[in-house]
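Right, one structure below, let's go through it.
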Amino acid sequence: MKILITGADGFIGSHLTEELVRQGHDVRAFVLYNSFNSWGWLDESPIRDELDVFAGDIRDPHGVKQAMKGCDAVYHLAALIAIPFSYHSPDTYVDTNVKGTLNVVQAARDLGTKVIHTSTSEVYGTARFVPITEEHPLQGQSPYSASKIGADQIAMSFYLSFQTPVSIVRPFNTYGPRQSARAVIPTIITQIASGQRRIKLGSLHPTRDFNYVKDTVAGFIAAGRSERSVGEVINIGSNYEVSIGETARIIAEAMGAEIEIETDDLRLRPEKSEVERLWADNSKARELLGWAPEYGGKEGFKLGIAETAEWFTNPQQLAKYKAGVYNI
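Under UniProt numbering, the sequence shown has 248 at position 248, and the numbering climbs by one with no breaks.
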């Protein structure tokens with residue numbers, strides 16, 4: 001297949017791009033235009049020379065449509081995803097996440113392209129019941145999550161209104177090599193790897209369902225291949241719940257470090273904006289896609305953490321991160 005990946009220069013997007021190339025697909029990587037001609041994580045990718053790269057901006061409908069021409073499917077991952085920055089600059093989240101998604105599905109309607117749209121577990125807000133199924137109410141507890149709810153609804157509206165083939169993949173908290181230090185697992189790892197033993201974090205009691213990036217990528221690809229995914233919202237999660245505090249302890253153990261945790265007020269979300277609990281029901285993905293996490297449960301989580309820590313502690317990779325600076 002000829003496949004377009006928006007956000008191919010990012011964390012999940014670069015892993016997805018590499019895997020689809022390995023599987024023999026003709027991949028066009030949509031990266032954010034910049035004057036440095038940087039392709040993000042793809043600059044260092046072993047498959048860089050095999051890519052058809054399109055530099056553009058997801059907010060530009062003309063460019064999006066040009067990039068999608070000739071493609072059988074588009075994996076739409078381009079988005080602003082940092083929750084703290086959405087408190088700071090919410091308007092950019094509407095432009096990028098909502099309008100950007102509209103540009104993708106509008107072009108897909110005109111061109112007959114299948115869309116695999118990226119959602120997020122943050123759209124559920126604090127769990128009202130667990131494990132969280134796809135029928136759980138949506139709660140916009142941050143400008144980021146509100147923008148993603150809007151993006152999901154725009155995408156699904158094109159399926160319902162125009163029969164545009166849209167599948168919505170809803171990954172829970174993905175982690176792994178290349179993730180931004182604005183996320184909690186890289187924050188912990190990079191602080192420890194840089195020699196710090198008093199680790200600065202926000203709230204420790206919230207729970208998350210962490211999903212290793214290899215599993216998330218496999219879920220995306222399974223949704224892209226399956227006709228049963230069209231018109232559906234599908235959770236991609238490990239079905240394992242762990243607190244932030246316990247996550248820090250697991251990371252410290254994997255890295256052989258004794259740590260103390262210090263609460264940093266800058267890292268705390270506003271009280272009503274904090275998502276207290278996330279735990280995925282992944283039975284729909286198992287049934288429709290035949291997908292199951294390889295890194296599931298506590299032992300799978302420990303394995304994923306070990307692989308992630310190994311990547312981050314490579315001096316060449318660690319040098320890319322500013323462990324002493326809070327990244328919103």
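Ideal placement from N, C-alpha and C gives every residue a C-beta, glycine not left out. Since we're looking at a predicted model, the values are computed, not measured.
* Asked: Using a Cβ-Cβ cut-off of 7 Å (strictly less than) and excluding sequence neighbours within five positions of A218, which residues of its own chain qualify?
  -> Cβ neighbours of A218 beyond the five flanking positions: W291.
* T190 - partner residues in DSSP beta bridges -> Partner(s): none; T190 has no beta bridge.
* G10 and S121 closer than 8 Å at C-beta -> No.
* Would you mind stating whether R198 and E260 have Cβ atoms separated by less than 8 Å? => A contact, by the Cβ cut-off of 8 Å.
* When we look at the beta-carbon of S283 and count the other beta-carbons within 10 Å, is it buried (16 or more) or exposed? -> With fewer than 16 other Cβ atoms within 10 Å, it is exposed.
* **Close-in-space but distant-in-sequence residues of the same chain around T313 (CB under 7 Å, 5 per side omitted)** => So the list reads A193, once near-sequence residues are dropped.
* To do: Give the C-beta separation of I158 and R225 to the nearest angstrom, bearing in mind that I take them to be a contact with Cβ-Cβ under 8 Å.
  => Looking at the sequence itself, residue 158 is Phe, so the reference to Ile does not match. In this structure F158 is not in contact with R225, their Cβ atoms being roughly 21 Å apart against a cut-off of 8 Å.
* Asked: What three-state label does DSSP hand L201 in the structure shown?
  -> Strand at L201.
* Expressed to the nearest angstrom, what Euclidean distance is found between the alpha-carbon atoms of E274 and S142? -> Going from the Cα of E274 to the Cα of S142 covers about 8 Å.
* For the stretch 132 to 139 and the stretch 81 to 101, state whether three or more C-beta atom pairs, one from each stretch, are separated by less than 8 Å. => The stretch 132 to 139 makes no contact with the stretch 81 to 101; the number of CB pairs closer than 8 Å stays below 3.
* The alpha helix (DSSP H) with G297 in it runs from where to where? -> For G297, the enclosing alpha helix (DSSP H) begins and ends at 297 to 312.
* To do: Kindly list the residues whose CB is nearer than 8 Å to the CB of M68, restricted to its own chain and excluding five residues on each side of it in sequence; keep chain order.
  => Counting only Cβ-Cβ distances below 8 Å, and skipping sequence neighbours, we find L4, V74, V104, A107, A108, L111, T113.
* **Residue range of the unbroken alpha helix (DSSP H) whose run includes P315** => Where P315 is concerned, the enclosing alpha helix (DSSP H) starts and stops at 315 to 318.
* To do: Give a yes or no on whether the C-beta atoms belonging to L278 and T207 are separated by under 8 Å.
  => Contact check for L278 against T207 passes: the beta carbons are separated by less than 8 Å.
* Pick out whichever of E18, D26, G40, T6 has its Cα sitting closest to the Cα of S180. => Nearest option by C-alpha distance: G40.
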